[in-house]
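With the working numbering applied, the first sequence covers 4 to 571. Worksheet for the structure shown next.
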Amino acid sequence: MKQALEQALSTALEKLLADHPGTQAPQVILNRPKQKEHGDYAANVAMPLARVLKQSPQQIAARILEIVQWPEAVEGAEIAGPGFINIRLQQASEAVALKTIIKAGEQYGRASRSGESEKINLEFVSANPTGPMHVGHGRGAVVGDALANVLSAVGHDVQREYYINDAGAQIGVLANSVWLRMRELEGESISFPESAYPGDYIVDIARDILAGHDYQKLLTMDAHAREKLIGQLSIDANMAMIRADLNAIGIGFDVYFSEQGLHSSGSVTELIERLQADGVVYTGALPPPKGKEVSDYTPVEQLLFRTTDFGDDVDRPLAKQDGTATYFAADIAYHFDKHQRGFDRMIDIWGADHGGYVARVQAAMKALIQADAQPDVILVQMVNLTRDGKPVKMSKRAGTFVTLREVVDEVGSDAVRFNFMTRRVESQLDFDLEASKKQNDENPVYYVQYAHARIAAILRKAAEEGIAIAKADDVDVSVLTSHEEQRLISHLLTYPDMLKKAASQLEAYRVATYVMRLAADFHSFYHKHKVVTEDAGLTQARIVLIRAVAQVISNALSILGVSAPERM
RNA sequence: GCGCUCGUAGCUCAGCUGGAUAGAGCAUCAGGCUUCGAACCUGAGGGCCGGGGGUUCGAAUCCCUCCGAGCGCGCCA
Numbered sequence: 004m005k006q007a008l009e010q011a012l013s014t015a016l017e018k019l020l021a022d023h024p025g026t027q028a029p030q031v032i033l034n035r036p037k038q039k040e041h042g043d044y045a046a047n048v049a050m051p052l053a054r055v056l057k058q059s060p061q062q063i064a065a066r067i068l069e070i071v072q073w074p075e076a077v078e079g080a081e082i083a084g085p086g087f088i089n090i091r092l093q094q095a096s097e098a099v100a101l102k103t104i105i106k107a108g109e110q111y112g113r114a115s116r117s118g119e120s121e122k123i124n125l126e127f128v129s130a131n132p133t134g135p136m137h138v139g140h141g142r143g144a145v146v147g148d149a150l151a152n153v154l155s156a157v158g159h160d161v162q163r164e165y166y167i168n169d170a171g172a173q174i175g176v177l178a179n180s181v182w183l184r185m186r187e188l189e190g191e192s193i194s195f196p197e198s199a200y201p202g203d204y205i206v207d208i209a210r211d212i213l214a215g216h217d218y219q220k221l222l223t224m225d226a227h228a229r230e231k232l233i234g235q236l237s238i239d240a241n242m243a244m245i246r247a248d249l250n251a252i253g254i255g256f257d258v259y260f261s262e263q264g265l266h267s268s269g270s271v272t273e274l275i276e277r278l279q280a281d282g283v284v285y286t287g288a289l290p291p292p293k294g295k296e297v298s299d300y301t302p303v304e305q306l307l308f309r310t311t312d313f314g315d316d317v318d319r320p321l322a323k324q325d326g327t328a329t330y331f332a333a334d335i336a337y338h339f340d341k342h343q344r345g346f347d348r349m350i351d352i353w354g355a356d357h358g359g360y361v362a363r364v365q366a367a368m369k370a371l372i373q374a375d376a377q378p379d380v381i382l383v384q385m386v387n388l389t390r391d392g393k394p395v396k397m398s399k400r401a402g403t404f405v406t407l408r409e410v411v412d413e414v415g416s417d418a419v420r421f422n423f424m425t426r427r428v429e430s431q432l433d434f435d436l437e438a439s440k441k442q443n444d445e446n447p448v449y450y451v452q453y454a455h456a457r458i459a460a461i462l463r464k465a466a467e468e469g470i471a472i473a474k475a476d477d478v479d480v481s482v483l484t485s486h487e488e489q490r491l492i493s494h495l496l497t498y499p500d501m502l503k504k505a506a507s508q509l510e511a512y513r514v515a516t517y518v519m520r521l522a523a524d525f526h527s528f529y530h531k532h533k534v535v536t537e538d539a540g541l542t543q544a545r546i547v548l549i550r551a552v553a554q555v556i557s558n559a560l561s562i563l564g565v566s567a568p569e570r571m
């Protein structure tokens, strides 16, 4: 319907502008007015034309209305306010679309692959394999997974990828921490250094390794080889834990990509050579950092990438003083690798604390590819964990660190996932453990699920009453004329557009706000109107309506990774 | 000091590629269950959209500036 109206207006505009050669017809975008008096759809096309045509928007709108050939369902259109064209549709003319929703089922709102489909690589979470994930990682995970669902839903081919930072100094720290705990478990008295990882999970890993390996042999083996072995075993253990924790909120990946692999395969060295050949690398010393007190600053000659030529603030080191590659060097190699794998587009979801990193990666890719190959980076702001409104103090060292797994175990996957999706990623998020456990107004996830369960209950009731649910095609839905019914119908019809917008803007939270509003509309309808009544025709029509509502709620929740229960 | 993000009702947030009277939940107050699930609904009060300037027919939305908060700023990842 919307498309038909836009088409009609576009055609009218073309005719109108035939008298004005050279003027570009503005794109017709219809929206749903907030107020019922403003009709079912509104167009503002006349207003931007006012300046070009040197006529008042009202005059132009009047001309358009003279020319336009509306589709049959249009009852009337009038000019209002500063020049809006408000379109009224015939009573209940949109209700027939309910049948399409029911027929499409889980597919409603989804688009299949088309010429516009892109092959997208979406990298998210990528938590270091040195310990458990915290709630901030959880937010990134939930946002990333939902975004992947949104992008797939509109027809893109999405690969979910996890970059494992299994290289660098932190792995040495991890190996050392585990080794110290192993020795402690074997009876040695160890003073645990501050630089080591303190968590209990380190002890667990140590115990597991001892169970599978001969301690005496480990003691006597070459220290370097031992560190490598224990490091790898510890990474594997942590990754298994991370994967299990992600699984607990229903998240999995298509690809786990190892940073270590980039080093061992020579990709990092090759990349640095490539950059050297391009002449964007030099040896030099960086100026001291600004605004941060560095007492022992000593300039160091190192291999620098001239990222300032590509939009960065300062040049960035590719190699450390000892000659080994920096994390940055590996990360460029990683992004280059993704590009070589043939993706049309890559999206990275990072925590806000990595914000300072965006410019250099994009600069690097610009230097390397000389095309539009920069990743879209989505920065997810912090999560402030509270309990009854009071901040939960977290300190890794004091052992009061709250992990994502603990939160999920306490409040449940659905509540965690939905609450993480109710805000834009740019906004910091307060997550209250107690409020998220409450099954009441403070917790939107149950509000939405309740609407779904309520519809299931009505359908059960109808079945008890012996009402056979008619095929949607055989039902006359034109009787759904009340305000509440019309509202629900028009809201249901915007679902595909909402999804498209969420995809194009990379804003999956729109699905959550959408489904909350839909649930609200349903609850209002429920209180005003009975579905199962004496009037058999009306009953069938309303059953079609609520089935469509349940379907869309279920589809939306599925994208968010939240269950749509029949009973609660 | 510089960069990124944010600032909207008492609280938490939508609305931001400019459009009509700025919305929702919580909290407060007043109502609603003999009737399909009250984990719900209806109504009321509550706003210099952080301050100021600009762009224009029109600004919460765009630009500049100031204030405030978070994050980041050498050879960690």
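Ideal Cβ placement from N, Cα and C applies to all residues, glycine included.
Rounded straight-line distance, which links the Cα of residue j to that of residue i
| i | j | result |
| --- | --- | --- |
| G314 | G118 | 33 Å |
| Y337 | E262 | 8 Å |
| T329 | D375 | 25 Å |
| A228 | V181 | 15 Å |
| P568 | S416 | 14 Å |
| R570 | A64 | 51 Å |
| R427 | L521 | 19 Å |
| A355 | L249 | 20 Å |
| A460 | Y453 | 10 Å |
| Q305 | A362 | 20 Å |
| K122 | A114 | 15 Å |
| Y200 | L177 | 7 Å |
| E413 | A322 | 44 Å |
| G326 | R277 | 17 Å |
| E40 | M501 | 23 Å |
| A473 | R550 | 12 Å |
| V48 | A288 | 57 Å |
| L213 | I233 | 10 Å |
| T484 | W353 | 47 Å |
| H357 | I381 | 10 Å |
| V258 | W73 | 51 Å |
| Y541 | E409 | One detail in the question is off: residue 541 reads as Leu in this sequence, not Tyr. Cα to Cα, L541 sits roughly 49 Å from E409. |
| S13 | A45 | 14 Å |
| A539 | R545 | 10 Å |
| Q343 | Q377 | 13 Å |
For residue j and residue i, believed in contact at Cβ under 8 Å, the rounded distance
| i | j | result |
| --- | --- | --- |
| A333 | H266 | 7 Å |
| M519 | V451 | 6 Å |
| S120 | G158 | 5 Å |
| V271 | I562 | 37 Å between Cβ atoms; not a contact. |
| E429 | D391 | E429 to D391, Cβ: 27 Å. No contact. |
For residue i, the residue or residues it bridges with in DSSP
| i | result |
| --- | --- |
| P394 | T389 |
| N47 | According to DSSP, N47 bridges with nothing at all. |
| P320 | L307 |
| D160 | K122 |
| S192 | None, per the DSSP bridge assignment. |
| V380 | D351 |
| N34 | A45 |
| I472 | Paired residue(s): none; I472 is not in a bridge. |
Where the alpha helix (DSSP H) containing residue i begins and where it ends
| i | result |
| --- | --- |
| L521 | Y512 to K531 |
| N179 | A172 to L188 |
| Y111 | Element bounds for Y111: n/a, residue is neither H nor E. |
| E17 | K5 to L20 |
| A80 | Counting along the chain, A80 falls outside any alpha helix (DSSP H), though it belongs to the beta strand (DSSP E) covering V77 to A83. |
| L560 | A539 to L563 |
| I461 | P447 to E467 |
| L496 | H486 to L496 |
| L483 | Per DSSP, L483 belongs to no alpha helix (DSSP H) and is neither H nor E. |
| D217 | Here D217 belongs to no alpha helix (DSSP H), and DSSP marks it neither H nor E. |
Segment limits, beta strand (DSSP E) that includes residue i
| i | result |
| --- | --- |
| Q235 | Unbroken run through Q235 is the alpha helix (DSSP H), A226 to A251; no beta strand (DSSP E). |
| L92 | F87 to L92 |
| M349 | R348 to G354 |
| T286 | V284 to G287 |
| F260 | V258 to S261 |
| L432 | L432 to D435 |
### Query
Given 8 Å as the limit, is there contact between the region 166–186 and the region 202–221, that is, 3 or more CB pairs closer than that?
With contact defined as three or more Cβ pairs closer than 8 Å, the region 166–186 and the region 202–221 are in contact.
### Message
Using a Cβ distance threshold of 8 Å, determine whether the region 85–103 contacts the region 467–484, with at least three qualifying pairs required.
### Response
Three or more pairs of CB atoms, one per stretch, sit closer than 8 Å, so the region 85–103 contacts the region 467–484.
### Query
Okay, do the region 236–250 and the region 164–179 touch, 3+ Cβ pairs below 8 Å being the bar?
Segments in contact, yes.
#### Entry: Three or more C-beta pairs below 8 Å linking the region 484–504 and the region 517–534
Segment contact: the region 484–504 against the region 517–534, three or more CB-CB distances shorter than 8 Å; contact assigned.
### Task
Examine the Cβ distances between the region 370–387 and the region 275–291 and report whether three or more of them are shorter than 8 Å.
Under the Cβ criterion (8 Å, minimum of three pairs), the region 370–387 counts as touching the region 275–291.
### Task
Answer yes if the region 500–518 comes into contact with the region 529–546, meaning at least three C-beta pairs across the two stretches below 8 Å, and no otherwise.
Contact between the region 529–546 and the region 500–518 is absent, because fewer than three Cβ pairs lie under 8 Å.
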